[in-house]
Amino acid sequence: MSRNRVKIPKMNLTSLMDVFTILVFFLLVNSGSVELVEAPKDVKLPESMEETKPRETVVVFVSPENILVQGEVVALTEEVLDGDSSYLGPLADRLATLKENVIGQSTDTIAQSQEVTILADRSVPFIVVRKIMSACTGEGYENVSLAVIQRPTQVASR
């Protein structure tokens with residue numbers, strides 16, 4: 070009777086577990102690669118066709134009313150527009166404080182600490198943005214980026 074019994078094939082799960090383990094590690098490593106910079110609701114960014122993704126940097130928001138560094142109000146836009154460079158003192162102080170807080174970090178973190186991203190409302194005069202850019206470079210931030218909304222790429226018409 071034992072000759073007529075059909076053997077049930079067994080499934081080898083070792084290979085399947087290896088594939089799932091590699092898949093889990095791949096997803097964990099790449100899950101943090103998408104960086105989005107959230108603009109406040111009162112800031113309307115200009116549009117651009119640039120496709121470079123933003124990195125995590127010090128962020129300066131410029132709304133029609135306020136100038137914020139990492140979400141903290143440091144100056145009024147109207148004062149910076151009408152006044153001299155003394156109105157940018159709190160901005161420079163905050164940028165210097167953020168740069169000092171990086172001591173003891175890795176080389177990549179230090180390099181990123183010398184980068185600043187400016188999110189300026191499209192209605193803010195460029196003279197204000199230029200003054201802010203000047204204050205950033207004056208505090209040692211070598212790479213100044215302007216954030217924009219990515220415009221869909223246009224197909225060339227024939």
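So the number in the working numbering is just where the residue sits in the sequence shown, counting from 1, plus 69.
For each residue, glycine too, the CB sits at the ideal point set by N, CA and C.
Computed from a prediction, not measured in an experiment: that's the story for all the values here.
Simplified DSSP state of residue i, which is helix, strand or coil
i: Ala-165; result: helix
i: Glu-147; result: helix
i: Ile-77; result: coil
i: Asn-212; result: strand
i: Val-193; result: coil
i: Thr-90; result: helix
i: Thr-186; result: strand
i: Asn-99; result: helix
Whether residue i touches residue j by CB criterion (9 angstroms)
i: Val-131; j: Leu-188; result: yes
i: Val-193; j: Met-202; result: no
i: Val-128; j: Val-185; result: yes
i: Leu-150; j: Val-98; result: no
i: Ala-161; j: Ala-216; result: no
Residue i to residue j span [Cα, whole Å]
i: Thr-206; j: Glu-134; result: 23 angstroms
i: Val-143; j: Leu-157; result: 8 angstroms
i: Thr-146; j: Ile-136; result: 6 angstroms
i: Lys-200; j: Leu-167; result: 19 angstroms
i: Val-75; j: Ser-100; result: 47 angstroms
i: Glu-141; j: Met-80; result: 59 angstroms
i: Glu-125; j: Glu-211; result: 15 angstroms
i: Thr-90; j: Leu-96; result: 10 angstroms
i: Asp-190; j: Pro-159; result: 20 angstroms
i: Glu-169; j: Thr-83; result: 50 angstroms
Buried versus exposed call for residue i [16 or more other C-beta atoms within 10 Å across all chains shown]
i: Leu-85; result: exposed
i: Arg-227; result: At Arg-227 the pLDDT is 45, less than 50, meaning the model places this residue with poor confidence; the figure from the coordinates comes in the next sentence. Answer is exposed; the Cβ neighbour count stays below 16.
i: Leu-164; result: buried
i: Glu-208; result: buried
i: Asp-87; result: exposed
i: Asp-229; result: For residue 229 there is no data in the structure shown, the boundaries of the chain being 70 and 227.
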